[in-house]
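A short worksheet on the structure shown next.
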Amino acid sequence: MDQDNSKCYFCGSPEKPCDIEKYADNGIEYTLFECPRCGAQYWTPFKNPGAEWYEKDERYAGRNLDPDIEANWHQKKAIDFLRPFVGKLLDVGCGAGTFMYWAEKMGWDVYGIDFDRDAIHTAKEVFKLKNVYDMDLAGFRKNFPDLKFNLVTFFDVFEHLDDHHDFLDQVKGALNPGGYIAMSMPYRGGARWLQLSDLPPRHLTRWNRSAISGYLEREGFEAVYVKRLPAGISFLVSKLQRKYGKYFSFNIIGKLKDRARKEGGIKLGSAAERNIATAHKLARIKDVVIFGFPALIIWLAMLFSSKRYIGLFVIAGKKRQ
Numbered sequence: 098m099d100q101d102n103s104k105c106y107f108c109g110s111p112e113k114p115c116d117i118e119k120y121a122d123n124g125i126e127y128t129l130f131e132c133p134r135c136g137a138q139y140w141t142p143f144k145n146p147g148a149e150w151y152e153k154d155e156r157y158a159g160r161n162l163d164p165d166i167e168a169n170w171h172q173k174k175a176i177d178f179l180r181p182f183v184g185k186l187l188d189v190g191c192g193a194g195t196f197m198y199w200a201e202k203m204g205w206d207v208y209g210i211d212f213d214r215d216a217i218h219t220a221k222e223v224f225k226l227k228n229v230y231d232m233d234l235a236g237f238r239k240n241f242p243d244l245k246f247n248l249v250t251f252f253d254v255f256e257h258l259d260d261h262h263d264f265l266d267q268v269k270g271a272l273n274p275g276g277y278i279a280m281s282m283p284y285r286g287g288a289r290w291l292q293l294s295d296l297p298p299r300h301l302t303r304w305n306r307s308a309i310s311g312y313l314e315r316e317g318f319e320a321v322y323v324k325r326l327p328a329g330i331s332f333l334v335s336k337l338q339r340k341y342g343k344y345f346s347f348n349i350i351g352k353l354k355d356r357a358r359k360e361g362g363i364k365l366g367s368a369a370e371r372n373i374a375t376a377h378k379l380a381r382i383k384d385v386v387i388f389g390f391p392a393l394i395i396w397l398a399m400l401f402s403s404k405r406y407i408g409l410f411v412i413a414g415k416k417r418q
């Protein structure tokens, strides 16, 4: 979406935004602005790079080959918050379906959408999910106009959007009266070195508790649960691996991928895919052995610092008309 820099995209304020950070990627100069009225932070150019860009990003491809089996804390909290009630759930940006799989076991009637075709294939083949679709939210609602949901979730999606107003309008249209949304995103007050990927074009906005609560209020929702999420030891292990893992790498996964490409490509369900998935699991064990103790030391050192918070989790209810 083209950003009109004469006013804030999120609240419409004509007050001049504060220029707080600059960043360059592939010849594109980005500037991070903060609205002095609503506190929202957004990068310009304010443009999502599109599905093809994400499909080539190995951060997401690896998750399809070796998906997590267990939902994380805040995903479970979204279900626990409404317990004992169960109903119909739509997970936007469902990925390989880990959260949907867990919610279905809790009794929910689950649906999911994602633009990543490989992720949808994994959701069907690994987790045996039926109602998962390769489409965006607008396309889903066009194809299923009569479906209404008690809970719409979009974990680690909001920071990627360049059409927040339209997106939340679509979400409201998909919700039953009294329905809820649950969302997660990076927390901008956390240590920057723990959030090296929180940059454009991957991420286009940054949020704290007051900014996201205020924006949801203006968009017809009421935040009922807002929590900062601290970096856990497993997260710190992954960060150390990305920075120093090359020094302990045998490049087995890379060699398996190269061989698979020469033999016709990596297809989900193939022997090559299974070998790569196994290599990912072994690499994860190796990372814990090598980086587990340093991660524990860092976790203890940051225990009483607000910089340890790297995520933001929100549950909000749809306002009744």
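According to our numbering, the sequence shown holds residues 98 to 418 in order. The beta-carbon is built from N, C-alpha and C at its ideal position, and this holds for glycine as well.
- Just reading off the beta strand (DSSP E) that G79 is part of, what are its end residues? The requested residue 79 does not occur in the structure, where the chain is confined to residues 98 to 418.
In the DSSP output, what is P142 paired with across the bridge?
Paired residue(s): none; P142 is not in a bridge.
Next on the checklist: Between the alpha carbons of E112 and L393, how many angstroms are there, rounded?
Outcome noted: Looking at the backbone, the Cα of E112 and that of L393 are separated by about 45 angstroms.
Please return the same chain residues whose Cβ sits closer than 7 angstroms to the Cβ of V321, not counting the five positions on each side in sequence. I412, A413 and G414
Residue(s) in a DSSP beta bridge with R325
L409
Q) Sorted by chain position, which residues of the same chain lie with C-beta nearer than 8 angstroms to V229's C-beta, five sequence neighbours on each side aside? A) C191, G194, M197, Y208, G209, I210, D211, I217, A220 and K221
I believe Y436 touches L326 by the beta-carbon criterion, under 8 angstroms. Please report the beta-carbon distance rounded to the nearest angstrom. Here the chain comprises residues numbered 98 to 418, so residue 436 is not present and cannot be evaluated.
Candidates R289, H262, V249 and V254: which alpha carbon is nearest A271's? Nearest to A271 by C-alpha distance, out of R289, H262, V249 and V254, is V249.
Open item on the list: Given this structure, state the Cα-to-Cα distance separating C108 from K144, to the nearest angstrom.
Closed with: 18 angstroms
Below 7 angstroms CB to CB, which residues in the same chain sit around F237 once its five sequence neighbours on both sides are set aside? I210 and Y230
query: Per DSSP, F246 is paired with what?
result: L272
Can the beta-carbon of L409 be found less than 8 angstroms from the beta-carbon of Y312? no
**OP:** Please list, in chain order, all residues of the same chain as G286 whose beta carbon is under 8 angstroms from its beta carbon, the five residues on each side excluded.
**Re:** N305, R325, S403, K404 and Y406
Would you check if the region 379 to 395 and the region 257 to 266 touch, i.e. whether three or more CB-CB distances between them fall below 8 angstroms?
no
**Request:** Could you check which residue in L296, V323, E314 and F345 has the C-alpha nearest to that of F130?
**Result:** L296
To which residues does DSSP link T128 through a beta bridge?
K119 and T141
Practice problem: Identify every residue that forms a DSSP beta bridge with K185. | Solution: Residue pairing for K185: DSSP places it in a beta bridge opposite D206.
Simplified DSSP state of R285, which is helix, strand or coil: Correct three-state label for R285: coil.
Checklist line | Alpha-carbon spacing of K239 relative to V254, whole angstroms | finding: 21 angstroms
According to DSSP, is M232 part of a helix, a strand, or is it coil? coil
At what residues does the alpha helix (DSSP H) containing R306 begin and finish? Note, R306: alpha helix (DSSP H), R306 to R315.
Quiz item: Using a Cβ-Cβ cut-off of 8 angstroms (strictly less than) and excluding sequence neighbours within five positions of S103, which residues of its own chain qualify?
Solution: P111
When you compare only the Cα positions, how much space is there between P146 and R299?
7 angstroms
Query raised in the report: Where does F241 fall in DSSP's three states?
Result: Looking at F241 - three-state DSSP - the assignment turns out to be coil, as it is neither helix nor strand.
| request: For M399, name the three-state secondary structure that DSSP assigns. | output: Under the three-state reduction of DSSP output, M399 falls in the coil class, being neither helix nor strand.
- [ ] Determine the direct distance from the alpha carbon of R289 to that of F388, and round the result to whole angstroms.
- [x] 20 angstroms
Quiz item: What is the residue span of the alpha helix (DSSP H) that D425 lies within?
Solution: One cannot answer for residue 425 here, as it falls past the ends of the chain, which runs 98 to 418.
Check your understanding: Among residues of its own chain, excluding the 5 on either side of A279, which ones have a beta-carbon nearer than 6 angstroms to its beta-carbon?
Key -> A175, T250 and I412
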